[in-house]
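Structure record follows, encoded as structure tokens.
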Amino acid sequence: MTLGAIALRNVARNRRRSLLSGGVVMFGFVALTLAGGFMSQSFEALREGTIRGGTGHLQLADPGWFREGGGVETLEHGLADAHRVASRLSVEPAVAQVLRRIDFYGLLTDGERTVPFAGHGLDPAAEARTMDLPGLVIAGRWMVDRDAHEAVLGSGLAAALGVGPGDVVTLLAVTTDGVLNAVDVEIAGVARLPVRELDDRYLATSLGAADRLLEARGEVSKLVVTLHDASRVEQTGERLRLALAREGFVVEVRSWEELAVFYRQVRQLYLGMFGFLGLVLAAIVLLATANSMLMTVAERTREIGTLRALGTRSRRVARLFLAEGLLLGVLGCLAGASFSLALSWVLNRSGIMLPPPPGVAHPIPLHIDLVLTAYVGGAATMLVTVLVASWLPARRAARRSIVEALAHV
Amino acid sequence: MPTHPAPPLLEGRGLTKTYRLGAVDVPALRSVSVAIPGGDFVVLEGPSGSGKTTLLNLLGLLDRPDQGSVSWEGEPLDGLSEDERSDLRRDRFGFVFQSYNLIPVLSAAENVELPMFLRGMAAAPRRSRARDLLAAVGLEDKGRVRPDLLSGGQRQRVAIARALANEARILVADEPTASLDSVTAGEILDLLLQLHTERGVACIVATHDSRIRARAQRVLALRDGRLEDAVA
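Protein sequences, first through last, are from chains A and B. Residue numbering for the first sequence follows the working numbering, beginning at 1 and increasing consecutively. Residue numbering for the second sequence follows the working numbering, beginning at 1 and increasing consecutively.
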């Protein structure tokens, strides 16, 4: 005979009420773990969308470029040593790919209308190997040649100018010497970007065309690096920073998470929603369990009086009811974990497609990740809630006058 | 050199208790003094509302008097904390209630074990003693049975075995035969007297049952919260 065994028998004795209370705990646990698993998948999709959308795992640039966002003049904080830095990075075993980029602003004209754009000079073939950008093309094709005078326009930008694949347009921009320059490019394709503001201004062209337009002479804005092991971004970034500094390169290294403000905002929003959901579920469990425990205490008043008369200290009586509450919580969580795993398995094989999460261009399949933190956190939330809910009834039971409890009908 | 008589096992002096029912104060006990020597068999009698249960509650440390004091072998118990009173009830008192008050989720043997469990006794001697006690009350074959499957008389036997589990020095019984038919009540009375005689345990029994009264060593009559007389 132990306190736990007595608690277990009492839980089993009031089967219907225990099922109800345990069911509420189970419901709360399942909701928390499924929400946690779904959020994890959304974060993963958003993270991949951010990295493969062009940010890469790491970016390297002149410190001024990160500080002032590129500066006022063209390539004001350009990376003059880009070739040497890229060569140095390409021998690093952790590095999968180094992409050179020129970011610039200019005007796009078809001779009749002129619209501003945010331009990106890039190596089309290399980008196609790692990034999602080529997959966003909805008309025409992605560029193929690093030096070709071609461009891919955001669909909003193309619509503003009324142009499409095969049309020739002129890019106007200020060179690194401060002179206005123009280059003609053929529109290879039109892409739809997930963020409208970006879609309305996006223009990608080859590194060669951008270099000639800006007279960059091999200088780039930044290097975008992808890694073999995405779980060691921070460590690899720090190691590269130290290595490059030791070798005399004036270059700053930033991780994708530092650069992805949008990702951080969405993540904070989701976490806030998850926290609120947790509070609502905890409140439901708290009320349901407290009600159930109060009824249990009321029904067992004479039993409480008997236990006290036989010499049970009041704290021990309280512990008995707390143990019963805790037991309900543990059983509810165990049932919830089984149910949650089964439901996740079914949902993950259902083939349900979800609308794209913020910042992601394409629909994603519904997938509930198995997140250990959600299971541990869900169980902790439920057990603490059940203990809090049991505490007041347990205290009431312990403080009850023995004589009144024995006379209770 | 004068000799001092041994103090009684349990003694109440000037016990007064008033209950409040709504706006009305109802005096349940008015300055009652009673002494129970060790090994005595005392019957409390009186009509309903005369204060029998209140007196048992005060003497059994289940309640505290408004005035007066309770002492054990001459030691006043007024200053004890609730935990100390709980320990005293567990170790020295045995309680038998009219409605048996067995714990429904425990078997007959486990109900008997309960006071020993509360005292921290190891499982093996606890089980052995529970078996012996159930045998002593004639229920050696009912140890595994839950209370709801026992008859009223059997339940009361289990309750008596439980009351003796920690070798109580005194049994406090409130109407122990009131819920039983006359034959069973007679058996329970015989059992109480047998255990009292064999084990030397003092008994204080509140009852309306004239058969118990007839066999008591001492009868205390209560009326309107006052002790009327004592019959040796």
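Idealized CB from N, CA, C, for every residue including glycine.
Here F117 of chain A is actually not in contact with L214 of chain A; their C-beta atoms are around 14 Å apart, not less than 8 Å.
With fewer than three CB-CB distances shorter than 8 Å, the region 193-201 of chain A does not count as touching the region 89-104 of chain A. The way I'd put it, the region 79-99 of chain B does touch the region 153-173 of chain B; three or more beta-carbon pairs between them come closer than 8 Å.
For V183 of chain B, the three-state secondary structure derived from DSSP is helix.
Taking the C-beta atoms as reference points, Y270 of chain A is found nearer than 8 Å to M39 of chain A.
The beta carbon of I188 of chain B sits closer than 8 Å to the beta carbons of G153, Q156, R157, I160, P176, T177, L180 from its chain, once the five residues preceding and following it are set aside; these are given in chain order. Against chain A, a Cβ distance below 7 Å from R90 of chain B picks out L310, G311. For V297 of chain A and R52 of chain A, the gap between their C-alpha atoms comes out near 59 Å.
For G120 of chain B, the closest of A:G208, A:G154, A:M1 by C-alpha to C-alpha distance is A:M1.
Sequence-distant Cβ neighbours of T301 of chain A in its own chain, meaning closer than 6 Å and more than five residues away, are A405, H408.
The Cβ atoms of A173 of chain B and G39 of chain B lie no closer than 8 Å to each other. Residue pairing by DSSP places G94 of chain B opposite B:L171 in a beta bridge. For A151 of chain A, the secondary structure class from DSSP, reduced to helix, strand or coil, is strand.
Taken in chain order, the complete alpha helix (DSSP H) segments of 4 residues or longer contained in the region 318-403 of chain A are 372-399. The C-beta separation of E113 of chain B from A136 of chain B comes to about 15 Å, leaving the pair out of contact by the 8 Å criterion.
Around the beta carbon of S128 of chain B, fewer than 16 other beta carbons lie within 10 angstroms, which makes this residue exposed. For S21 of chain A, the nearest beta carbon of chain B is not closer than 8 Å to its own beta carbon.
Using a CB distance cut-off of 8 Å, E303 of chain A counts as an interface residue toward chain B. The straight-line gap separating the alpha-carbon atoms of R13 of chain A and V105 of chain B is approximately 7 Å. A direct Cα-to-Cα measurement between R396 of chain A and G56 of chain A gives close to 60 Å.
Taking the Cα of G135 of chain A as reference, the smallest distance to any Cα among A:D145, A:V152, A:V168, A:G119 is reached at A:V152. Of B:R89, B:P147, B:S107, B:T54, the smallest CA-CA separation from Y100 of chain B is found for B:P147. Just so you know, the alpha carbons of G332 of chain A and I6 of chain A end up roughly 18 Å apart. With contacts defined as CB atoms closer than 8 Å, S292 of chain A and L20 of chain A qualify as a contacting pair.
Close partners of E82 of chain B in chain A (Cβ separation under 7 Å): S314. Taking a cut-off of 8 Å for Cβ pairs, the region 208-219 of chain B and the region 24-43 of chain B touch, as three or more such pairs fall below it. Distance from the CA of V24 of chain B to the CA of S71 of chain B, rounded to the nearest whole angstrom, comes to 30 Å. Counting only Cβ-Cβ distances below 9 Å, L118 of chain B has contacts in chain A at L307, L310, G311, T312, R313, R316, in chain order. In the DSSP secondary-structure assignment, R20 of chain B is bridged to B:D25. Under the Cβ criterion of 8 Å, P27 of chain B is not counted among the residues facing chain A. The beta-carbon separation of G78 of chain A and V220 of chain A, rounded to 6 Å, stays under the 8 Å limit for a contact. S182 of chain B is outside the set of residues whose beta carbon lies under 8 Å from a beta carbon in chain A. With contacts defined by Cβ atoms closer than 8 Å, L55 of chain B and L29 of chain B form a contacting pair. As the crow flies, the alpha-carbon of V185 of chain A is around 48 Å from that of A35 of chain A.
Each of A:G218, A:A337, A:A230, A:D147 was checked against the Cα of E44 of chain A, and the nearest Cα belongs to A:A230. P393 of chain A is positioned such that its CB atom lies closer than 8 Å to that of A290 of chain A.
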